[in-house]
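Chemist: Residue numbering for the sequence shown is -25 to -1, 1 to 466, as defined by mature numbering (1 follows the signal peptide of the UniProt record, and there is no 0).
Glycine included, every Cβ here is placed at the ideal spot set by N, Cα and C.
A single structure is presented below for examination.
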Amino acid sequence: MGHILLLLPLATLVLYLLTRKKKSALPLPPGPKPLPLIGNLRDLPLKNEAATYNDWAKRYGDLVYANVLGRHLLFVNSTQIANDLFEKRMGWDWSFGHMPYGERWRKHRKMFERQFRPAVAPTYWPVQRKEAHALLRNILDAPSDLIEHLRHNAASVIMNVIYGIEIAPRNDRYIDIAEKALDGMAKAAAPGAFLVDVLPFLKYVPAWMPGAGFQRKAIAWKKAVLEMRDAPFEAVQNALSHGKASPCFVSNLINDLDKENTEDQVETIRGCAGLAYAESEVSSLSSFFLAMVLHPDVQEKARAELDSVIGPGRLPDFNDRPTLPYINAIVKEVLRWNPVAPLGLPHMVTSDDVYEGYFIPAGTTIIGNTWTILHDERNYSQPMRFWPERFLTADGEEDNTALDPATAAFGYGRRICPGRFMADAQLWISVACLLTVFDISPGFDENGRPIKTEAAFESGMICHPKPFGFTITPRSESAKAIIKQTADLVA
């Protein structure tokens, strides 16, 4: 560690001098005042990132610039600007959400869009319906294991749709692999998480050298990430070679391969499929449960709509969605209230650019500040409040003039999540079914008193609620019977 520390002053001075040479006659966007040499290093938050960057947005505006030891950061706090920058301007190498725009990116995008465009989304409804019903049964059997059920449910949908793989009820190897990989991704993606982010020369320090812990962690994380990508993909290839593969995203694409450039196309499919992470659905449904604990009045209104439209004896289905505006509003508010990825996926500008009179240097990391965008008082009154009515008209119909959170929650411009229609459908069917049969209320302490619950969330690339107390019970004996009957239904 001592050897590295001795190099830091010299390295920071060199970086400082190099960045000074690249100044443009145009101003940089506004931002917190940097200190000599270290820039805004001390301004970067280590926790509660959303609150800090939201304060920056209020103070400096829709574009906020920071410089950390020569590394340029640009926070974008407007949907319009984010879509403009990510659509018209603009690196995990195999995941196209991080990939520089170009021919390889377009191939990945085309493959995903072909399989997940709105017209194709209904083909996944049977799997999504089946897994939503399985979630009901799992919660009925063991409500205290809620988060484990949500994680299993999300992974089941992804693995079935993408790979045609049925995962194990407990201790599934694919879920274990994904959790290790996603944990590493989240830690590595945080701005300023490692000194190597702002002092790139450190990546050449051998992993065995004292103080180079980031190298050892990076090696372990890369192994987990590649295993998450490769293990299920190779399982599909093996099943195809034996004529036993189920129809799914990967098998459909492999069967449609051109005779030429097959190896290159296979690698493209491998990379596409690796993007399909389940953790975002866990975050959304966890936030839904927290919101229901905090807002019993929302549950009452939802149940009134469900009882009126659906009636007794059955669960809602996708075809009911147009007739359930309040349920639709709840789903939108879940996406807005606690966006899954508060800072989205950062991207890098590859050449000098100018936007609205501001100079954006090459190498600048562009961060779509999704949390701030979805809590902007210009678009959402009382933004901290969970209030589905903001998406409804006075007579209870859907208000199409309200800014749809999906415009930011699923990314921006060409970088918008191509699986958003499937993700939205999964969240909707889960929320509608859960509210039909369950009552969600605060948990109780050892003395039988309700546990005080607050809207508190973890920091990270994927934002989850902090642990909270809850009680989940069937609304009635009839509701319990409906849940049990789903085990006999064919997807």
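(1) Would Pro4 and Leu38 be called neighbours here (beta carbons separated by less than 7 Å)?
(2) Does DSSP put Ser283 in a helix, in a strand, or in coil?
(3) Please report the residue range of the beta strand (DSSP E) in which Thr382 lies.
(4) Considering only the alpha carbon of each residue, which of Leu299, His270, Leu409, Thr368 lies closest to Phe361?
(5) Let's see if you can read the secondary structure: which residues bound the alpha helix (DSSP H) around Leu41?
(6) Give a yes or no on whether 7 Å exceeds the smallest Cβ distance from Lys197 to chain D.
(7) Ordered along the chain, which non-local residues of its own chain (more than five positions away) have a Cβ less than 6 Å from that of Leu48?
(8) Whose C-beta lies closer than 7 Å to the C-beta of His124 among residues of the same chain, with five residues either side of it excluded?
(9) With a cut-off of 8 Å, do at least 3 Cβ pairs link the stretch 258 to 265 to the stretch 301 to 311?
(10) Go through its chain and collect everything with a Cβ distance to Gly418's Cβ below 7 Å, but skip five positions before and after it.
(11) Pull the bridge partners of Tyr330 from the DSSP assignment, please.
(12) Check Glu373 in the structure and name its three-state DSSP category.
(13) Tell me, please, which residues DSSP counts as bridged to Ser416.
(14) If I follow the unbroken beta strand (DSSP E) through Arg46, where does it start and stop?
(15) Please list the terminal residues of the continuous alpha helix (DSSP H) segment that includes Ile342.
(16) Buried or exposed: which applies to Val273, given that a residue is buried once 16 or more other Cβ atoms fall within 10 Å of its Cβ?
(17) Just the C-alpha distance for Ile150 and Pro101, rounded to the nearest angstrom, thanks.
(18) Taking 7 Å as the limit between beta carbons, can you name the residues of its chain near Tyr333, skipping five residues before and five after?
(19) Does the Cβ-Cβ distance between Ala304 and Leu367 come in under 7 Å?
(20) According to DSSP, simplified to helix, strand and coil, what is Phe432?
(21) Leaving out the 5 sequence neighbours to the left and right, which residues in its chain are closer than 6 Å to Leu402 when beta-carbon positions are compared?
(22) Can you tell which of Ala199, Thr325, Ile342, Gly14 has the C-alpha that lies nearest to the C-alpha of Ile56?
(23) I need the straight-line Cα distance from Lys219 to Arg204, nearest angstrom please.
(24) With a 10 Å radius around its C-beta and 16 neighbouring C-beta atoms as the bar for buried, classify Arg365 as buried or exposed.
(25) Who are the Cβ neighbours of Glu433 in its own chain at under 7 Å, not counting the five residues just before and after it?
(26) For His73 and Val324, what's the separation of their Cα atoms in angstroms?
(27) Closest by CA to Ile244, which one among Glu254, Ser255, Glu452, Asp231?
(28) What number of angstroms, rounded off, separates the C-alpha of Ser131 from the C-alpha of Ala253?
(29) If you follow the alpha helix (DSSP H) that Gln103 is part of, which residue opens it and which one closes it?
(30) May I ask you to report which of helix, strand or coil DSSP gives His124?
(31) Mind checking Phe71: buried by the 16 CB within 10 Å criterion, or exposed?
(32) In the DSSP assignment, find the unbroken alpha helix (DSSP H) run with Thr27 in it and report its ends.
(33) Under the rule that 16 or more other beta-carbon atoms within 10 Å means buried, what is His217, buried or exposed?
(34) For my contact list, Ala316 and Thr345 are in at a C-beta cut-off of 8 Å; report their separation, rounded to the angstrom.
(35) What's the gap between the Cα of Met397 and the Cα of Gly45?
Modeler: This is what the structure gives:
(1) yes
(2) helix
(3) No beta strand (DSSP E) contains Thr382, which is instead part of the alpha helix (DSSP H) from 381 to 384.
(4) His270
(5) It should be noted that the sequence gives Ala, not Leu, for residue 41. Element bounds for Ala41: not the alpha helix (DSSP H) but the beta strand (DSSP E), 38 to 43.
(6) Although the question refers to chain D, the structure presented lacks it and comprises just one protein chain.
(7) Ala41, Thr340
(8) Leu110, Asn113, Ile114
(9) yes
(10) Taken in chain order, the residues that qualify are Ile426, Gly444, Phe445, Thr446.
(11) Tyr333
(12) strand
(13) Thr446
(14) 46 to 51
(15) Not the alpha helix (DSSP H): Ile342 falls in the beta strand (DSSP E), residues 340 to 343.
(16) buried
(17) 22 Å
(18) Leu1, Pro2, Leu3, Pro4, Leu38
(19) Yes. Within cutoff.
(20) strand
(21) Ser259, Val306
(22) Ile342
(23) 21 Å
(24) By the Cβ neighbour-count rule, Arg365 is buried, with 16 or more other Cβ atoms within 10 Å of its own.
(25) His439, Lys441
(26) Model confidence at His73 stands at a pLDDT of 45, short of 50, so the residue's coordinates are unreliable; what they give is reported in the following sentence. Using only the alpha carbons, I get a separation of about 12 Å.
(27) Asp231
(28) Near 9 Å, if we compare the C-alpha coordinates of Ala253 and Ser131.
(29) 100 to 116
(30) DSSP places His124 in helix when its eight states are reduced to three.
(31) Note that Phe71 scores a pLDDT of 37, beneath 50, so its modelled location is shaky and nothing firm can be said.
(32) 24 to 35
(33) exposed
(34) 6 Å
(35) 40 Å
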